[in-house]
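Visitor: Residue numbers for the sequence shown follow my numbering, so the first one is 63 and each next one is one higher. Quick reminder that beta carbons are idealized off the backbone N, C-alpha and C, glycines included.
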Amino acid sequence: MPGPVRRPLHILRRINLSDMKVILLSLLAFMIAASACNKGVVFPAEDEGVDSTMGRVTINDFSPEVFYEGDTVVIHGVNFSEDVEVWFGNADNKTQGTVLQVSNKLLMVAAPGGLNRSGKVHVRSKGITAESRLMYIAGQWWQVGEFPDSMRAYGFSFAIGGKVYFGGGESVPPFTAQFTTYSRKLYAYDTLAGTWEMKKDFPGAGRSNASVFVINGKAYVGNGGVVSYSSTGSVTARTNFRDFYEYNPDTDTWHRIADMPAGSERLDACGFAINGIGYIGMGLRESGPFSTVFLDDFYKYSPLTNTWMKLPVTFPVIGTVGREKRRGVTCFVLNGKAIIGGGGANNTNSNSGLADFQRFDPVALTFTPVAAHPERYYYRIGGFGFAIGGKGYIGGGSIFNITQSFTLQRVVYAFEDATNTWTTLPVMPQAAFNAMGTNVPSPIPHNGGAGYGAATENAAYYLGKSNRLWKFQP
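#1: In the DSSP assignment, the beta strand (DSSP E) including Ser293 goes from what residue to what residue?
#2: From the DSSP secondary-structure annotation, give me the bridge partner or partners of Asp123.
#3: Going by alpha carbons, who is nearest to Gly325 out of Ile342, Arg304, Asn337, Phe209?
#4: Report the rounded CA-to-CA distance for Gly111 versus Thr191, giving the unit in angstroms.
#5: Tell me whether Thr313 sits in a helix, a strand or coil according to DSSP, three-state version.
#6: Roughly how many whole angstroms lie between the Cα atoms of Gly266 and Trp316?
#7: Could you tell me whether the region 202 to 218 touches the region 141 to 148, where touching means 3 or more Cβ pairs closer than 8 Å?
#8: For the region 123 to 140 against the region 170 to 184, are there 3 or more C-beta pairs whose distance is under 8 Å?
#9: Which two residues bound the contiguous beta strand (DSSP E) that contains Thr253?
#10: With respect to the beta strand (DSSP E) encompassing Phe352, which residues constitute its N-terminal and C-terminal limits?
#11: Please state whether DSSP places Glu208 in a helix, a strand or coil.
#12: Ser114: buried (16+ other C-beta within 10 angstroms of its C-beta) or exposed?
#13: Among the residues of its own chain, which have a CB less than 8 Å from the CB of Thr298, if the five just before and after it don't count?
#14: Would the beta-carbon of Phe448 fall within 8 Å of that of Phe360?
#15: Assuming the contact rule is C-beta atoms closer than 8 Å, Phe220 and Ala516 should be a hit. Round their C-beta distance to whole Å, please.
#16: Return the CA-CA distance between Gly459 and Gly390, expressed in angstroms with no decimal places.
#17: Distance check for Gln420 and Ala320, CA to CA, integer angstroms please.
#18: Let me check one thing: in DSSP terms, what residues is Phe7 bridge-paired to?
#19: Go to Phe360, then tell me how far its beta strand (DSSP E) extends in each direction, as first and last residue.
#20: As a quick exercise: from Ile199, Arg472, Trp204, pick the residue whose alpha carbon is nearest that of Met490.
#21: So His184 is in the beta strand (DSSP E); what residue range does that whole segment cover?
#22: Which class does Leu196 belong to by DSSP, given the choice of helix, strand or coil?
#23: Taking 8 Å as the limit between beta carbons, can you name the residues of its chain near Ile456, skipping five residues before and five after?
#24: Return the residue from the list Ser233, Thr253, Ala255, Gly256 that minimises the CA-CA distance to Lys247.
#25: Are the beta-carbon atoms of Lys362 and Ile339 separated by less than 8 Å?
#26: Could you check what DSSP says for Ser165 in three-state terms: helix, strand or coil?
#27: Hey, out of Ile137, Gly398, Asp211, Lys225, whose CA is closest to His184's CA?
#28: Given that a residue counts as buried once 16 or more other Cβ atoms are within 10 Å of its Cβ, and exposed if not, what is Asn488?
#29: Which value, in whole angstroms, describes the spacing of the CA atoms of Pro378 and Pro424?
#30: Between the C-alpha atoms of Val146 and Trp204, what's the straight-line distance to the nearest angstrom?
#31: Per DSSP, which residues does Gln202 bridge with? Please list them.
#32: For the beta strand (DSSP E) holding Thr428, just list the boundary residues, first then last.
#33: Please report how far the alpha carbon of Phe429 lies from the alpha carbon of Ser273, in whole angstroms.
#34: Whole angstroms are fine: how far does the CA of Gly268 sit from the CA of Pro538?
#35: Taking the beta carbon of Thr481 as the centre, do at least 16 other beta carbons fall within 10 Å, making it buried, or is it exposed?
#36: Thr160: which of Val355, Trp258, Thr257, Phe150 sits nearest, CA to CA?
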């Protein structure tokens, strides 16, 4: 019998050529991988963050989008290394931040000082630089100086002719019982020269939580209160004031004007001026060591006649009776009318947030509601208010929320009178508490207790607990 037919090898290859290619390529890949493993090379897993660009650093996002010097900026991306550098700004003007923490996918960086108003985040790692797609926004507050005296809380402040004045207040930290002292000193900061000058002392008794308004280049300061303590630190008396004084910055002199009427003494009131008339309203009166009366009334002062008059209207009842009597309200003046609201009432609870605002017309002597600010179910006590460029601004203060806890605030809002709307702005560099709202805002303490500020024609200033002077410019 004839033997089996043997086909030539080249015929087999022709028949299975495609299969053979697959087999050979698979064998080649296996041999390369085995060789790499023998040499200690590790191929990274897909979830280790190395991208398809062979290790190039990449920025995915960062937060927050608005920050100040010293704030922690969190950057997400891939291929960050230990030698990483982070810069903020534009291509031709960048400032380096301080890296606090680094991993392959995450960076934590302290924002530097001297930031541009806006810019991009730049990350350099292993000689390669990545740039963020989105822009950051540096907060609208800048440090411009430091207060030349010891820190104090709950003082008064005002702005006249390109200068801001800071005076009065109590020693810091507050609530130190018999060690509390009340200041009468007054300092002026020249916003153009960037210099401080000590002025004549306030002539009345040292006090905290005073009221202030400015008319025709002169400041009017009064009200406020002091607390007396025993040697053991317990409260023995609370004294509220109704005396007022006029300050003339041209001559650096004070003189006493007519006192407010008997029974009108108060602290934590709001003060403002419209068309040459000063107004003081709301706040609280302390009738004993542990007895307080919240107020809803208003008085007006005429420099021409040196007289006070009680207005026939009071702040309106909004919802629950008693909520119209408030302390620490915020106010500012727009278009010849005062916008007043917020604050805290003695019957405020977690469900009755005082976010409502009223427009006061000094000619018609009426209050009409305007839009509540965005914190509709929270009340902001001790915030500040001022007006610049046809808009009103409020910020700082402390929020009493539905958990019945106080939270110091850095949020700032702008009010547009024509559209009756509020807009959220970049946050303040530090929280601000216990500010009385005026068109040149008075005390703006923060961090539980120190600082105050005032607004000039195109900028606002406030002092912080660290004695830093901050400037806001829209």
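Guide: Taking the structure as given:
#1: Run containing Ser293: none; DSSP gives neither H nor E here.
#2: His138
#3: Arg304
#4: For Gly111, the predicted model reports a pLDDT of 39, less than 50, meaning its position is unreliable; a value from the coordinates is still stated below. The alpha-carbon atoms of Gly111 and Thr191 are separated by roughly 17 Å.
#5: coil
#6: 10 Å
#7: Contact between the region 202 to 218 and the region 141 to 148 is absent, because fewer than three Cβ pairs lie under 8 Å.
#8: Because the criterion of three Cβ pairs below 8 Å is met, the region 123 to 140 and the region 170 to 184 touch.
#9: No beta strand (DSSP E) holds Thr253; DSSP gives it neither H nor E.
#10: Careful: Phe352 lies outside any beta strand (DSSP E) and carries neither H nor E.
#11: strand
#12: At Ser114, the pLDDT of 43 sits below 50, so the modelled position is not reliable and the matter cannot be decided from this model.
#13: Sequence-distant partners of Thr298 (beyond 5 residues in either direction) whose C-beta falls short of 8 Å from its own C-beta, in its chain, are Ser290, Tyr291, Ser292, Pro351.
#14: With contacts defined by Cβ atoms closer than 8 Å, Phe448 and Phe360 do not form a contacting pair.
#15: 5 Å
#16: Rounded to whole angstroms, Gly459 to Gly390 spans 9 Å at the Cα level.
#17: 29 Å
#18: Since the first residue of the chain shown is 63 and the last is 536, residue 7 is not available in this structure.
#19: If you look at Phe360, you'll find it in the beta strand (DSSP E) that goes 360 to 364.
#20: Arg472
#21: Annotation: the continuous beta strand (DSSP E) that includes His184 extends over 180 to 187.
#22: coil
#23: Thr392, Phe394, Gly404, His435, Arg442, Gly445, Phe446, Gly447, Val474, Tyr475, Phe477, Gly499
#24: Ser233
#25: yes
#26: coil
#27: Ile137
#28: The amino acid at residue 488 is misidentified as Asn; the sequence shows Pro. Flag for Pro488 reads buried.
#29: If you draw a straight line from the Cα of Pro378 to the Cα of Pro424, it is about 15 Å long.
#30: 28 Å
#31: Answer is none; Gln202 lacks a bridge partner.
#32: In the DSSP annotation of this structure, the continuous segment of the beta strand (DSSP E) that includes Thr428 starts and ends at 428 to 432.
#33: 21 Å
#34: Limits of the chain in this structure are 63 at one end and 536 at the other, which puts residue 538 out of reach.
#35: exposed
#36: Comparing Cα positions, the closest option is Phe150.
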